[in-house]
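In order, the protein sequences belong to chains A and B. Sequential numbering from 1 applies to the first sequence in the numbering used here. Sequential numbering from 1001 applies to the second sequence in the numbering used here. For every residue, glycine included, the Cβ atom is placed at its ideal position computed from N, Cα and C.
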Amino acid sequence: MAVTVIASVVATVWFGATAVAQFRSGVGRRIKAHDPFALVPMWTFFAPTPGTRDLRLLWRDRLVDGTLAPWHELLPPDTGLRRALWNPWKRQRKAVFDAGQLASQIAAQGGDDPLVFVTFPFVMLLAAVSALPASPLSLARQFVIVGTTGTDDGPQEPQLILASRWHDLVAPEDLTGAPSNAPVLSGQVA
Amino acid sequence: MTAERAALIMGGIGAVAVLIDSSETLWSRTSLSSTGIFAPRVVRNGRSLTAAMARSRVFSWVFDYPSVLVLPVLQLVAALVVLVAAFNGLGGQQRTAIGVASGAIVLARMLFYGRNALGLDGSDQMLLIVFASVCVASLSADAAPVALCFAAAQVVLCYTASGIAKAISPVWRGGTALVGITGTLSYGNARVSRFLTAHRSLAWVSCWGVILWESSACLWLFGGHDGAIVFAAIAVSFHVGVALVMGLNIFFWSFSAALPSVVFLVDYMHGSALMPFLH
């Protein structure tokens, strides 16, 4: 009997919180803000405004002679049919999308405020590109978030959404202490 | 459908979702290491509650690498236990094993979601709901109807909220939403996008089909057992399409796992004294 009562109370609170959260009101946002374990879902998939563009994270290096290396993409989209069964990098791609969207929203609201560049989503993206291997000739690294529509060979031009400043690349030693060839974030905005 | 059988089917299908998802996490484990998008030094500084967890002695291992890999490994083992027990029937020992393993899956997933705040989607949350319900339903026969009705209510709310959100959207009502979504690389398919672009009337019908079917989820509850089965069959077909076109593979398994709770709820309602009043 006690289990049933406890289960009923938990179920009622959980369902009630979920129902309220669907309205994206102040209460709903507060519930989501205090939900570190993602217990309360937003069930409005691809609505009311469906995502009709991709957010892509690109990065490039500035070399010692001042020239710029070509752009590279972190986690390019996987478009194969195999995704229906096996899609191991979807969580990471979604994280890039979520962080890119949050960072660009914060940047749009913050204007020229340099604090934008120390917010969680921005630091997450910066840390991800900073941890990638670099040539010994690379001095600094920059990343951008661009929005694209359709395939890369399509007629639509990519749209620049957010550009980081140049970040110095420093000693090839991982922050965990393990030797690595990957550069790490210097903490200094170039 | 009895509560025991519904919980058994939910656990079995959900276990497949957990097996695939945990295997994918282990496959892409470098993303959890110091050189990945979910690097420990980054995720430790997320929300204030997450940061507090990361500082605590009890939970700090969740944020470290490779210790975080305990979570997907634990889920793999627990999912195998659920699968094996589910195939061995409705005995007391099997139900206890399913209940304990489901509880372990819920705890492991909650910790994983707490670590990686970004990158989650609705299938992750549906799996929490499924296994929380299966856990309670398997360990307590008295509380089983409550747990399954909760899961069913979440399913109905999910489709209804999603349908209404689409119904109020001019993009969905205008029939261009699916053309736009399938036109993306992340959740699209170039062939489907080209087809829908060339056949705008079909794109419009597809948009309205999704709106009407999702919005009417509540009504299917009054269609009896057969109505619930038809609803579940449409939902499974819908998620097959979503998996094929959009690549959302875990959605198929997690939502299919939740659907037996709707059949249970309908049978439960129709067997209760409440039904004449509702009619």
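Between the stretch 59 to 78 of chain A and the stretch 28 to 36 of chain A, the count of C-beta pairs closer than 8 Å stays below three; the two stretches do not touch. About 6 Å separates the beta carbons of Leu1008(B) and Leu1090(B), which is inside the 8 Å limit, making them a contact pair.
Here Phe143(A) carries a strand assignment [DSSP, helix/strand/coil].
Boundaries of the beta strand (DSSP E) harbouring Glu73(A): 72 to 74, taken from the DSSP string. Membership of His1199(B) in any beta strand (DSSP E) is not indicated, and neither H nor E is assigned to it by DSSP. Counting C-beta pairs with one atom in each stretch, the stretch 1128 to 1143 of chain B and the stretch 1098 to 1112 of chain B have three or more that are closer than 8 Å, which means they touch. Within chain A, the residues Ala7, Ala11 have their CB atoms less than 9 Å from the CB of Ala1147(B), given in chain order.
Against Thr49(A), the close residues of chain B are Ser1169, Val1171, in the order they occur along the chain (beta-carbon pairs closer than 8 Å).
Taking a beta-carbon distance threshold of 8 Å, Leu1127(B) does not count as an interface residue toward chain A. Residue contact with chain B for Asp98(A): present (Cβ-Cβ distance below 8 Å to some residue of chain B).
Not flagged as an interface residue toward chain A: Thr1002(B), since no C-beta distance is shorter than 8 Å. In this structure Leu1157(B) is in contact with Thr18(A), their Cβ atoms being roughly 6 Å apart against a cut-off of 8 Å. The C-beta of Val96(A) has 16 or more other C-beta atoms within 10 Å across all chains shown, which makes the residue buried. Using beta-carbon distances, Lys32(A) does not count as an interface residue toward chain B, since no partner is under 8 Å.
Going by beta carbons, Phe1264(B) and Leu1148(B) fall inside the 8 Å limit.
Between the stretch 147 to 162 of chain A and the stretch 1170 to 1186 of chain B there are three or more inter-stretch CB-CB distances shorter than 8 Å, so the stretches are counted as touching. Here the stretch 1202 to 1213 of chain B makes contact with the stretch 1164 to 1183 of chain B; the two share three or more CB pairs at distances below 8 Å. DSSP places Ser164(A) in the coil class of the three-state scheme, outside both helix and strand. In this structure, the CA atom of Trp43(A) is about 45 Å from the CA atom of Leu139(A). Inter-segment contact for the stretch 1110 to 1118 of chain B and the stretch 80 to 87 of chain A is absent: fewer than three beta-carbon pairs are separated by less than 8 Å.
Close partners of Asn1045(B) in chain A (Cβ separation under 7 Å): Phe120. The C-alpha of Val144(A) lies about 23 Å from the C-alpha of Thr1030(B). When CB distances to chain B are screened at a threshold of 9 Å, the residues of the stretch 63 to 89 of chain A falling below it are Leu74, Leu75, Pro76, Pro77, Asp78, Thr79, Gly80, Leu81, Arg82, Arg83, Ala84, Leu85, Trp86, Asn87, Pro88, Trp89, in chain order. A distance below 8 Å separates the beta carbons of Ile1037(B) and Met124(A). The stretch 1187 to 1205 of chain B makes no contact with the stretch 1216 to 1234 of chain B: fewer than 3 CB pairs, one atom from each, lie closer than 8 Å.
In the three-state reduction of the DSSP assignment, Trp89(A) falls in the coil class. Fully enclosed beta strand (DSSP E) runs of no fewer than 3 residues occupy 54 to 63 of the stretch 7 to 67 of chain A, in order along the chain. Taking 8 Å as the cut-off, the beta carbon of Leu1074(B) is found no closer than this to the beta carbon of Ala1054(B).
Remark: fewer than three beta-carbon pairs, one from each stretch, lie closer than 8 Å, so the stretch 55 to 66 of chain A and the stretch 3 to 15 of chain A are not flagged as touching.
A residue is called buried when at least 16 other Cβ atoms come within 10 angstroms of its Cβ; His167(A) meets this threshold and is buried. When Cβ-Cβ separations below 8 Å define contact, Leu115(A) makes no contact with chain B.
Around the Cβ of Phe1087(B), a 10 Å sphere holds fewer than 16 other Cβ atoms; the residue is exposed. In terms of CA proximity to Ala1017(B), Phe1255(B) leads the group Met1269(B), Phe1255(B), His1270(B).
At a cut-off of 8 Å between beta carbons, Ala163(A) makes no contact with chain B. Interface criterion not met: the Cβ of Val1263(B) is under 8 Å from no Cβ in chain A.
Positions of the alpha helix (DSSP H) runs, each at least 4 residues long and wholly inside the stretch 1093 to 1177 of chain B, are given as 1122 to 1139, 1144 to 1167, 1170 to 1173 in order along the chain.
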